[in-house]
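In case it helps, full-length UniProt numbering puts the sequence shown at residues 1 to 448.
Have a look at the structure below, then the notes.
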Amino acid sequence: MSKPSIECQYFEHVPEHSVAACRECRYAVWPDQIEGHLQKQHKVSYKEAEAVGQQVRSWAGLVQYPSELEVPTGAPKPVRQLPVYTDGMLCQFDSSCCYYVARSKEAIRKHWRKDHQGWSAGKKRGRPSRTRQKSVQAHMDKGYRLVHCQRLFSSRHGSQYFEVQAPSQDGEGPEIVPVDGAAAWARVGEQMAKAWADIEKRAQTTIQEGERDEVNPWLERTQWLPYLVGMERPDLLACIEEPVAEPDARQEQQAEPVEAAIWAAMDGLARFSQASIIDRIGVFIRLEAIRTEMHQTRFQPLQPYMDKNAIVKHTRPWQQMLMFFARTQKEHGWKSPKYRFTRRQREAWEVLIEQAKRSIEGDEEDEAEDMDEEREELDEEMMDDIDEAIEVAEEEPGQGEGPEPKKLSKIQKACLEFCIALLNHRITRREYDSPLDSATINSIRSLS
């Protein structure tokens, strides 16, 4: 037996009304909203949802716009792909031209007030007497008639109910939704359970403010909770995930070529630094590099990592911090930590993004171009000293057995300059005024 086409796994054509109905949700979806529906309701990857949308939109005679849709009237046969409700209330105020159907008394009353010149079953104010209550109830009973009903769409245009004939008893027609007391209470119970599950899930995923008497000196010192309160853990963790340049159909992660180029550049920069320590940089430069304070005197020079796995482990936090900046600098719909670049950091970041885009387009081969404009804000004296030390080291015999490292590419230089700009941030008030501290929180929490 042949496998159904990809679009038929999710949608079914309803030719009598020229719409596409979702097989699982059992309501129609507009052609231009298919990708969003599949991604939100069924967690389908963007690439697969796009393929389904293209196939569905190619169906002949499909209604494309709400203005083209005609809501059925006159009690047609029920649509097989849609559920049938037995608690429909058909307006009887003007049965010759009014086909409004509601499923609650409040909705039918609202319709009477709005579309029938403010007509209401009970116009007098105050608490009604028993006689008047019976009169009002009789008046309401005459104002509508119980019918079977369906609707095409779940919301907005086309979501109004319409009367249909009672389904046949042979079991081949559409499913009838039970509305008796037991079923109604069961449905209420399911909705309450779902709502409570959503509340519990939100409490687990949303970062809450800690109690004042909570014994946690580390959190008290770092002030993580006040800074991240109200933010969603999944969003924070997703913003530092490794990007992909070309995802396949099985992945839900969208392609991020610029972010992937920056991620790879940081990895290459770390490996270049590792090779430089082994083969190029002398002991005095490594003694300066390992100092964390200006007045500090260290007697053990900076040592290379022992193996490749250690390089990956120690590089990943820097890669995650760069992803934090890349994804929060773009427009996004989730709440993210607030930070602000300095002028130097902003310029270095813009250069990094520009070089990442050029590397994607294949402009990375020309390594001989002058880098003066991108390096204006760097400490020229420091860079000259490092360049001179590298040149001297190149003239001396190699200190390691590994291959001589290649020169830094433009994007790797831009990545290095941005990292230096982050580290050279002068804090005058709060720690989290520094973008580096904001990004460090997320990379650390991802490891916990």
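Glycine included, C-beta positions come from ideal geometry on N, C-alpha and C.
Note that the structure is predicted; figures quoted are calculated from it, not measured.
DSSP, reduced to helix, strand and coil, places residue 299 outside both helices and strands of the structure shown, so it counts as coil. Beta-bridge partners assigned by DSSP to residue 11: 22. Ranked by how close their Cα comes to the Cα of residue 63, the residues 5, 33, 291 have 33 in first place. At a Cβ-Cβ threshold of 8 Å, residue 35 and residue 49 count as neighbours.
Residue 289 holds the alpha-carbon nearest to the alpha-carbon of residue 301 among 293, 295, 289. Residue 29 and residue 37 do touch by the CB rule: their CB atoms are close to 5 Å apart, below 8 Å. In terms of Cα proximity to residue 103, the closest of 231, 86, 97, 340 is 86.
If you check the CB distance, residue 239 and residue 315 do not come in under 8 Å. Within the model, the alpha-carbon separation for residue 425 versus residue 298 is close to 24 Å.
In this structure the region 145-165 lies against the region 70-90, because at least three pairs of beta carbons, one per stretch, are closer than 8 Å. Per DSSP, the beta bridge partners of residue 145 are 90. A Cβ-Cβ contact shorter than 8 Å links residue 258 with residue 353. Minimum Cα-Cα distance from residue 89 among the listed residues 54, 141, 56 corresponds to 141. At the C-beta level, residue 91 and residue 98 come within 8 Å of one another.
Per DSSP, residue 164 lies in no alpha helix (DSSP H) segment; the continuous beta strand (DSSP E) that holds it begins and ends at 162-164. Look at residue 84 here: in three-state DSSP terms it is strand.
Its Cα nearest to that of residue 411, the residue 355 stands out among 361, 355, 435.
Here residue 13 has 20, 59 as same chain residues with Cβ atoms under 7 Å from its own Cβ, once five neighbours each way along the sequence are excluded.
Listed in chain order, the non-local C-beta contacts of residue 57 below 7 Å within the same chain comprise 31, local neighbours out to five positions each way being set aside. Residue 413 and residue 270 have their C-alpha atoms spaced approximately 12 Å apart. Its chain contains 93 as the residues whose beta carbon lies nearer than 6 Å to that of residue 116, once the 5 sequence neighbours on both sides are disregarded; these appear in chain order. Counting only the Cα atoms, residue 321 lies some 40 Å from residue 7.
Assignment of residue 70 by DSSP, reduced to helix, strand and coil, places it in the coil class. Restricting attention to 326, 358, 336, the CA atom closest to the CA of residue 346 is found in 326. Under a 10 Å Cβ-count criterion, residue 263 is classified as buried, with 16 or more other Cβ atoms of the shown protein chains found around its own Cβ. Using a Cβ distance threshold of 8 Å, residue 235 and residue 318 do not count as a contacting pair. Boundaries for residue 280: no alpha helix (DSSP H) harbours it, and the DSSP string shows neither H nor E there. Excluding residues up to 5 positions away in sequence, 89, 102, 144 lie with their Cβ nearer than 6 Å to the Cβ of residue 108 in the same chain.
Cβ-Cβ distances below 7 Å link residue 255 to 244, 245, 246, 247 in the same chain, with the five nearest sequence neighbours on each side left out; the list follows chain order. Sequence-distant partners of residue 66 (beyond 5 residues in either direction) whose C-beta falls short of 7 Å from its own C-beta, in its chain, are 157, 158. With distances taken between CA atoms, residue 278 lies nearest to 303 out of 110, 303, 291, 338.
Here residue 55 is actually not in contact with residue 46; their C-beta atoms are around 15 Å apart, not less than 8 Å. Counting the other Cβ atoms within 10 Å of the Cβ of residue 415 gives 16 or more, which makes it buried. Under the three-state reduction of DSSP, residue 421 is assigned to helix. The C-alpha of residue 152 is placed about 23 Å away from the C-alpha of residue 112.
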